[in-house]
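Colleague: From first to last, the protein sequence lines are chains A and B. So the numbering used here is basically just the index in the first sequence, starting at one, shifted up by 7. So the numbering used here is basically just the index in the second sequence, starting at one, shifted up by 7.
Number of protein chains: 2
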Amino acid sequence: MLKHKHDHSVCIETALEAAQKICEKRETRFTPLRRRVLELVWRKHQPITAYEVLDLLSEGRKRVAPPTVYRALDFLIEEGFVHRIESLNAFVGCSDPEHKHQGHFMICTKCSNVTEMNEASLHSVIERAAKENGYTYENSILEIAGICANCRN
Amino acid sequence: MLKHKHDHSVCIETALEAAQKICEKRETRFTPLRRRVLELVWRKHQPITAYEVLDLLSEGRKRVAPPTVYRALDFLIEEGFVHRIESLNAFVGCSDPEHKHQGHFMICTKCSNVTEMNEASLHSVIERAAKENGYTYENSILEIAGICANCRN
DNA sequence: GATGACTTGATATTCAATTACAATCAGGGC
DNA sequence: GCCCTGATTGTAATTGAATATCAAGTCATC
């Protein structure tokens, strides 16, 4: 769960270092481009669209093309460093990249902050629902919209 | 829950008549265009994209423009006759248009058939999860991907 | 038949994502 | 070192998804 008050530069650094280490372990390549994209995703600390990433990535150098961004995002999602929010066509950094998992989110409709829910109970209920409907479970997305505690005050 | 073997033309008719009646009761306008779009959605009986609807709608007459389709779909969603599947950018007919509700779905990754889940238990679990995370619940989407009973055999 | 609200048509544009192909880079074997 | 191979990135073009804007038509009501 994301906190609202924290040293954000530290939080970015932590995510980048974690990604670095995981890639070393898995022997996948955490290239400068991929690192940079992950950094941009974390820097916003809210859902960011692919084209926002594209704009930020293009600052200072020749404008990059969409595939550059989408490929990097695909890699980061594949590795579990980033989740895609279907209802927003946007991306967020994953708070628990070590363990691959589904994205179950709360999204504040006022401030756009996203809270990732890593609740086993929720997951088991969803798997059970799938079974009861005769499905072999593969994966799921859950996106709950609401007002966060911060915005209600 | 959708059955696989049924008289599909009857099933379309039923949906159209239900929509007609609900609109009369609510005093909203079930125009020929809206009726036709709802018919096309039901006719496919699987998730259908806006541009597929557009193509079908354009058959025989001058090609319609995207806003025509999106406006009709917006109306149908607003009235609860159609749901949007976020993970597919596609639309399906609602199996229970009388009662407005969230879309909670199972999607078969083989045959693309969709099963709508109207389970109160699932809904209450989701609302509870929102509360526990400090959110005031507004709405939610749940889309579970898996293999349906039919395809597993 | 004039008014105003709603609906549809038409044009253009923005945003989201992918295809296809070329160029570059990194590491392994010789 | 040099070549080979596969992965990564660059580039151009295109498709798909959705919206903004304004014009034209429909329809009940006064």
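Using N, Cα and C, we set each Cβ at its ideal position, and we do this for glycine too.
1. Consult DSSP for residue 82 (chain B) and reduce its assignment to one of helix, strand or coil.
2. Tell me the DSSP secondary structure of residue 13 (chain A) in three-state form.
3. Please report the residue range of the alpha helix (DSSP H) in which residue 136 (chain A) lies.
4. Between which two residues does the beta strand (DSSP E) harbouring residue 71 (chain A) extend?
5. When DSSP labels each residue in this structure, what does residue 148 (chain B) get in the three-state scheme?
6. Does DSSP put residue 36 (chain A) in a helix, in a strand, or in coil?
7. Considering only the alpha carbon of each residue, which of B:87, B:60, B:148, B:48 lies closest to residue 74 (chain B)?
8. Once you ignore the five residues that flank residue 30 (chain B) on each side, which residues in its own chain have a CB closer than 6 Å to its CB?
9. Residue 146 (chain B) versus chain A: which residues are under 7 Å apart at the beta carbon?
10. CB residue 19 (chain A) to CB residue 49 (chain A), shorter than 8 Å?
11. Within this structure, are the beta carbons of residue 97 (chain B) and residue 55 (chain B) separated by less than 8 Å?
12. Taking Cβ positions only, does residue 68 (chain B) come closer than 8 Å to chain A?
13. If residue 40 (chain A) and residue 136 (chain B) are in contact, beta carbons under 8 Å, what's the gap, nearest whole angstrom?
14. In this structure, what does DSSP give as the bridge partners for residue 99 (chain A)?
15. Our contact map puts residue 140 (chain A) next to residue 113 (chain B) with C-beta atoms below 8 Å; I'd like the distance itself, whole angstroms only.
16. Starting from residue 59 (chain B) and walking both ways along the alpha helix (DSSP H), at which residues does that stretch end?
17. Residue 133 (chain A) versus chain B: which residues are under 9 Å apart at the beta carbon?
18. Listed in chain order, which residues of the region 78-106 of chain B have Cβ atoms closer than 7 Å to some Cβ of chain A?
19. Taking Cβ positions only, does residue 126 (chain B) come closer than 8 Å to chain A?
20. Distance, Cα to Cα, residue 100 (chain A) vs residue 95 (chain B)?
21. What is the DSSP secondary structure of residue 105 (chain A), reduced to helix, strand or coil?
22. Relative to the alpha-carbon of residue 123 (chain A), which residue among A:47, A:27, A:103 has its alpha-carbon at the smallest distance?
23. Going along the chain, which residues of its own chain have a beta-carbon closer than 6 Å to the beta-carbon of residue 149 (chain B), five neighbours each way excluded?
24. Between residue 106 (chain A) and residue 68 (chain B), what straight-line distance do the alpha-carbon atoms span, to the nearest angstrom?
25. Measure the Cβ-Cβ separation of residue 44 (chain B) and residue 79 (chain B) and say whether it is below 8 Å.
26. On the premise that residue 88 (chain A) lies in contact with residue 26 (chain A), defined as a C-beta separation below 8 Å, what is that separation, rounded to the nearest angstrom?
27. Where residue 14 (chain A) and residue 32 (chain B) are concerned, what is the direct C-alpha to C-alpha distance, given to the nearest angstrom?
28. If I follow the unbroken beta strand (DSSP E) through residue 115 (chain B), where does it start and stop?
29. Could you tell me if residue 17 (chain A) is buried or exposed, where buried requires 16 or more neighbouring beta carbons within 10 angstroms of its beta carbon?
30. Check the C-beta distance from residue 5 (chain B) over to residue 63 (chain B) and give it rounded, since I have them as a contact under 8 Å.
31. Can you pull the DSSP bridge partners for residue 154 (chain A)?
Modeller: Let's see:
1. The count along the second sequence starts at 1 and reaches residue 82 (chain B) at position 75. In the structure shown, residue 82 (chain B) sits in a helix (DSSP, three-state: H, G or I).
2. Taking the first sequence and counting its residues from 1, the one referred to as residue 13 (chain A) is at position 6. DSSP places residue 13 (chain A) outside both helix and strand once states are collapsed to three, so it counts as coil.
3. On the first sequence, residue 136 (chain A) is found 129 positions in, with the first residue counted as 1. Looking at the DSSP string, the run of the alpha helix (DSSP H) that includes residue 136 (chain A) is 127-139.
4. Translated into positions along the first sequence, residue 71 (chain A) becomes position 64. Annotation for residue 71 (chain A): no beta strand (DSSP E) segment contains it, and DSSP assigns it neither H nor E.
5. For the purposes of this step, residue 148 (chain B) is identified with residue 141 of the second sequence, where counting begins at 1. Residue 148 (chain B) falls in the strand class under three-state DSSP.
6. Counting from one through the first sequence, the residue named residue 36 (chain A) turns up at place 29. In the structure shown, residue 36 (chain A) sits in coil (DSSP, three-state: anything other than H, G, I, E or B).
7. What you label residue 74 (chain B) is simply residue 67 of the second sequence in a count that begins at 1. Checked all of B:87, B:60, B:148, B:48; the closest Cα to residue 74 (chain B) is B:60.
8. In the second sequence, residue 30 (chain B) corresponds to position 23, counting from 1. 37.
9. Locating residue 146 (chain B) in the second sequence gives position 139, where the first residue counts as 1. 152, listed in chain order.
10. Within the first sequence, residue 19 (chain A) is the residue found at index 12, counting from 1. Within the first sequence, residue 49 (chain A) is the residue found at index 42, counting from 1. In this structure, the beta-carbon distance from residue 19 (chain A) to residue 49 (chain A) falls below 8 Å.
11. Within the second sequence, the letter at position 90 stands for residue 97 (chain B). Within the second sequence, the letter at position 48 stands for residue 55 (chain B). Going by C-beta atoms, residue 97 (chain B) is nearer than 8 Å to residue 55 (chain B).
12. Residue numbering aside, residue 68 (chain B) sits at position 61 when the second sequence is read from its first letter. For residue 68 (chain B), the answer is no, since every Cβ of chain A falls outside 8 Å of its Cβ.
13. Residue mapping note: residue 40 (chain A) aligns to position 33 of the first sequence, counting from 1. Residue mapping note: residue 136 (chain B) aligns to position 129 of the second sequence, counting from 1. So it is not a contact: roughly 36 Å between Cβ atoms.
14. As a position in the first sequence, residue 99 (chain A) is number 92, starting the count at 1. Residue 99 (chain A) is bridged to A:90.
15. Here residue 140 (chain A) is taken as the residue at index 133 of the first sequence, counted from 1. Here residue 113 (chain B) is taken as the residue at index 106 of the second sequence, counted from 1. 5 Å between Cβ atoms; contact.
16. Position 52 of the second sequence, counted from the first residue, corresponds to residue 59 (chain B). Residues 57-65.
17. Translated into the one-based positions of the first sequence, residue 133 (chain A) becomes position 126. By Cβ distance, chain B contributes 129, 132, 149, 151.
18. 93, 94
19. Along the second sequence, one-based indexing puts residue 126 (chain B) at 119. Closer than 8 Å: yes.
20. The residue given as residue 100 (chain A) occupies position 93 in the first sequence. The residue given as residue 95 (chain B) occupies position 88 in the second sequence. Going by the C-alpha atoms only, they are around 22 Å apart.
21. Working through the first sequence from its first residue, we reach residue 105 (chain A) at position 98. Here residue 105 (chain A) sits in coil by DSSP.
22. Residue numbering aside, residue 123 (chain A) sits at position 116 when the first sequence is read from its first letter. When only C-alpha atoms are compared, the closest one is A:103.
23. Here residue 149 (chain B) refers to the residue found at position 142 of the second sequence. Once the five neighbours on either side are set aside, the close Cβ partners of residue 149 (chain B) are 111.
24. Taking the first sequence and counting its residues from 1, one reaches residue 106 (chain A) at position 99. Taking the second sequence and counting its residues from 1, one reaches residue 68 (chain B) at position 61. Approximately 53 Å between the Cα atoms of the pair.
25. Within the second sequence, the letter at position 37 stands for residue 44 (chain B). Within the second sequence, the letter at position 72 stands for residue 79 (chain B). Cβ atoms of residue 44 (chain B) and residue 79 (chain B): closer than 8 Å.
26. As a first step, residue 26 (chain A) must be located in the first sequence, where it is residue number 19. As a first step, residue 88 (chain A) must be located in the first sequence, where it is residue number 81. Indeed they touch by this definition, with Cβ atoms about 5 Å apart.
27. Position 7 of the first sequence, counting from 1, holds the residue named residue 14 (chain A). Position 25 of the second sequence, counting from 1, holds the residue named residue 32 (chain B). Each residue's Cα considered, the two are about 55 Å apart.
28. Locating residue 115 (chain B) in the second sequence gives position 108, where the first residue counts as 1. 111-115 is the span of the beta strand (DSSP E), which, as asked, contains residue 115 (chain B).
29. On the first sequence, residue 17 (chain A) is found 10 positions in, with the first residue counted as 1. So residue 17 (chain A) counts as exposed.
30. In the structure as shown, chain B starts at 8 and stops at 160, and residue 5 (chain B) therefore has no counterpart that could be examined.
31. As a first step, residue 154 (chain A) must be located in the first sequence, where it is residue number 147. DSSP lists B:143 as partners of residue 154 (chain A).
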